[in-house]
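Numbering (full-length UniProt numbering), first residue to last: 1 to 173.
Now the structure itself:
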């Protein structure tokens with residue numbers, strides 16, 4: 001069986017090892033995933049750090065469109081993804097479907113939030129020296145995000161890290 005590659009710095013990659021995923025109840029092989037080497041993990045971190053300014057500069061409409069695209073594609077493949085979750089961790093299909101639905105919503109919500117005005121203004125005339133002045137306050141990404149997702153909600157908890165990172169313009173590993 002060919003191992004499913006992982007993404008490394010915007011391209012598919014394979015490591016030295018593979019992880020065979022088996023159904024927890026009947027033991028059948030669900031798939032095989034490539035496992036990165038320690039050097040590839042370091043490469044991923046360095047690549048995320050290298051593109052942090054570029055990611056932060058990505059226009060809001062581009063981020064929002066990317067997030068909406070993920071939400072729509074996930075909705076199109078919802079049953080397939082739910083069955084994959086069930087096969088990987090044995091979660092009841094009903095719960096897996098709920099997890100997929102929540103992930104679809106998470107990406108949609110992130111797309112919507114990306115388009116909202118995200119800055120505030122504050123009057124500075126509390127001191128006479130600042131008469132007629134206003135402060136413009138906005139939050140900007142500080143750097144890459146490291147997202148770790150547990151086994152029990154593999155898609156939904158990953159979505160809760162990936163979608164906000166994209167929304168704010170932060171690379172994620």
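C-beta: ideal position from N, C-alpha, C; glycine also.
Just so it is clear, the structure is predicted and the values come from calculations on it, not from any experiment.
- Quick one: complete alpha helix (DSSP H) runs, 4+ long, within the UniProt domain "Aldehyde dehydrogenase" (17-173)? 38-50, 52-57, 60-76, 78-89, 93-115 and 154-168
- Task: With DSSP as the reference, label residue 3 as helix, strand or coil.
- Result: As a working note, residue 3 is residue 3 in the chain shown. Coil.
- Straight-line gap, residue 95 to residue 135 (C-alpha atoms, nearest Å): Stepping through the chain shown from its first residue, residue 95 is reached at position 95. Stepping through the chain shown from its first residue, residue 135 is reached at position 135. Roughly 47 Å separates the two Cα atoms.
- Inter-stretch contact at 8 Å, needing at least 3 Cβ pairs: the region 160-169 / the region 52-71: yes
- Could you name the residues of the same chain whose beta carbon sits closer than 7 Å to that of residue 24, not counting the 5 residues immediately before and after it, in chain order? Within the chain shown, residue 24 is the residue found at index 24, counting from 1. Closer than 7 Å at Cβ, skipping near neighbours: 89 and 90.
- Task: May I have the straight-line CA-CA distance separating residue 49 from residue 141, to the nearest angstrom?
- Result: To locate residue 49, count along the chain shown from 1; it is residue 49. To locate residue 141, count along the chain shown from 1; it is residue 141. About 12 Å.
- Can you tell me which of the three DSSP states residue 9 falls into? Numbered from 1 along the chain shown, position 9 holds the residue referred to as residue 9. Residue state, collapsed to three classes: coil.
- Leaving out five residues before and five after residue 131 in sequence, what residues of the same chain have Cβ atoms less than 7 Å from its Cβ? Here residue 131 refers to the residue found at position 131 of the chain shown. When the five nearest sequence neighbours on each side are left out, the beta carbons in the same chain lying within less than 7 Å of the beta carbon of residue 131 are those of 125, in order along the chain.
- Message: On the CB-based measure, 16 or more other CB atoms within 10 Å of its CB, does residue 17 come out buried or exposed?
- Response: Walking along the chain shown from the start, residue 17 turns up at place 17. Under this definition residue 17 is an exposed residue.
- Task: Starting from the C-beta of residue 109, find all residues in its chain whose C-beta is less than 8 Å away, skip the five residues before and the five after it, and write them out in chain order.
- Result: Along the chain shown, read from residue 1 onward, the residue named residue 109 stands at position 109. Answer for residue 109: 163, listed in chain order.
- Item | residue 118 versus residue 61: straight-line alpha-carbon distance, rounded | As a position in the chain shown, residue 118 is number 118, starting the count at 1. As a position in the chain shown, residue 61 is number 61, starting the count at 1. Their backbone Cα atoms lie some 13 Å apart in a straight line.
- Message: Can you list, in chain order, the residues of its chain with a C-beta nearer than 7 Å to that of residue 138? Leave out the 5 residues immediately preceding and following it.
- Response: Here residue 138 corresponds to residue number 138 of the chain shown, with the count starting at 1. For residue 138, the CB contacts under 7 Å within the same chain, skipping 5 residues up- and downstream, are 118 and 119 in chain order.
- Item | Reference residue 173, options 3, 2, 10 and 4, closest by Cα | To locate residue 173, count along the chain shown from 1; it is residue 173. For residue 173, the nearest C-alpha among the options comes from 10.
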